[in-house]
Amino acid sequence: MLAFDLRVNNALAAREQQGLTRHIRTVSGGNTHTLHHGHDAFINFSSNDYLGLASDKSLANAWQTGIDNYGNGSGASPLVTGFSGAHQQLEETLCEWLGFERAILFSSGFSANQALLFSLLNKEDLLLQDKLNHASLMEAGMLSPATMKRFKHNNVEHLNSLLTKDALVVTEGVFSMDGDRAPLANIHQTTHGKAWLAVDDAHGIGVLGNQGRGSCEAANIKPELLVVTFGKAFGLSGAAIMCSESVGDYLTQFARHHVYSTAIPPSQAFALTHAAKMIQTEQWRRDKLHELNERYHQHLAGIEGYVETTTPIKPFIIGEDQQALDVAENLKRSGLWVTAIRPPTVPKGTARLRITLTANHELRHIDTLSEHLKVALKG
Ligand SMILES: Cc1ncc(COP(=O)(O)O)c(C=O)c1O
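FYI, in my numbering the residues of the sequence shown are -17 to 361.
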């Protein structure tokens, strides 16, 4: 047996022993409110399709039109021949909507975050990240040559105590596992004129702010860098870094995930422009989320483990890993698909259900969830 065989086998055995092995399950309709697994149907409380666009027919038609007009793949990276009129239109739409000079496109939020930190940071730099930032940011920070420090979650005082001139401060707008929002106005006040602020608004864009402009607009700030991703409220996939003219030029030269990676299909860029327009104009989707949120609160507030949020992400804290799995399994038996999240994704002792709402849910779905959750919690 060679060393790599041993490493792989040992790592898998350790995961299994800790009871932390993850499994991929094949489902159909994971992008709708009711998914199917095997012969069973489940109400889906696990997707990030907050606005219900992932299965929207008019968006599918737009993508189809994009294919008719532009063909299939982009054929090359953006700097070769992969950048089409559809990509340009998407960049312009994002800039106009979100109030930035430039938008640089990536095939995922993960690669956008990595590109951002790898291309900006040098050895002498200080990177300050919220402790609960996404794995893509943490990993890039650890692998970058800069010194990375993590500030306590949403703690502006702690951030301020670590802050030095010319640091790069990175936070999410909405935290993916907790559904809470960063105190962006205070963070911006602290960093303004002293450091650059980058906000990853994967879970806020489309959902918060006027016309769905996201967490920063809702907090009335404009950070130096804003990452928006298209796999959640946009109902598709991909991402963009919103920035100034000069940073756009810089990323075009030095962001390797952009330069050396095949551009997203032009049909997808075309569909994303359509999604951006839908997000801006279809306020009813955000109103619906608000209504579902209220109903969820009415049913479950006050029960141990309940966490109030103003976003469609509803953590329900269970504590022990096995107990979280048991409650999720119990809900599955009642036809509800809810994901249990355990360490290392969340801190030890805070295993939870990550319940997510989508504009495709109906109030009756929330009623059913609440009823069964109360029973499942009793074991
Ligand atoms: C906060 C945050 N940033 C970035 C990403 C990665 O985005 P993508 O799924 O487009 O790679 C995620 C994905 O879950 C996320 O939650």
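The beta-carbon is built from N, C-alpha and C at its ideal position, and this holds for glycine as well.
Your pair H140 and L114 does not check out as a contact, with CB atoms roughly 13 Å apart and the cut at 8 Å. The stretch 193 to 200 makes contact with the stretch 173 to 183, as at least three CB pairs between them are under 8 Å. Note on D148: under 16 other CB atoms within 10 angstroms of its CB, so exposed under the neighbour-count rule. Residue burial is scored here from C-beta neighbours: D303 has at least 16 other C-beta atoms within 10 angstroms and is therefore classed as buried.
8 Å or more divides the Cβ of N13 from the Cβ of A44. Between F27 and L17, the C-beta spacing is not below 8 Å. Listed as beta-bridge partners of M224 by DSSP are A85 and L208. At a threshold of 7 Å, F27 does not count as near ligand 1, since its beta carbon sits no closer than that to any of the ligand's heavy atoms. Just so you know, the alpha carbons of I203 and H19 end up roughly 43 Å apart.
Distance from L150 to L102 at the Cβ level is roughly 6 Å; contact confirmed, criterion being Cβ atoms closer than 8 Å. Beta-bridge partners of K296 (DSSP): I337.
Boundaries of the beta strand (DSSP E) harbouring K131: T129 to F133, taken from the DSSP string. Relative to ligand 1, the beta carbon of A184 is positioned inside 7 Å of a heavy atom. Not one heavy atom of ligand 1 falls within 7 Å of the beta-carbon of G34. Boundaries of the beta strand (DSSP E) harbouring F24: D22 to N26, taken from the DSSP string. The alpha carbon of I187 has as its nearest neighbour, out of G123, V241, T3 and P294, the alpha carbon of P294. Taken through DSSP and simplified to helix, strand or coil, L2 comes out as coil.
Rounded to whole angstroms, the separation of the alpha carbons of T8 and A251 is 27 Å. If you draw a straight line from the Cα of Q96 to the Cα of L355, it comes to about 38 Å. Proximity of the stretch 202 to 220 to the stretch 168 to 181 meets the contact definition, three or more beta-carbon pairs being nearer than 8 Å. If you look at L114, you'll find it isn't in any beta strand (DSSP E); DSSP assigns it neither H nor E. In terms of side-chain proximity, the C-beta atom of H116 is found nearer than 7 Å to a non-hydrogen atom of ligand 1. Going by beta carbons, G220 and R84 fall outside the 8 Å limit. Collapsing the DSSP output to three states places H18 in a strand.
Annotation: the continuous beta strand (DSSP E) that includes D182 extends over W178 to D182.
Contact between G34 and A341 is confirmed by a C-beta separation of about 4 Å, below the 8 Å threshold. DSSP, reduced to helix, strand and coil, places T47 within a helical segment of the structure shown.
Among the bridge pairs identified by DSSP, L109 is matched with M130 and L150. About 5 Å separates the beta carbon of A94 from that of I223, a gap short enough to meet the 8 Å contact definition.
For I348, the enclosing alpha helix (DSSP H) covers residues L345 to L359.
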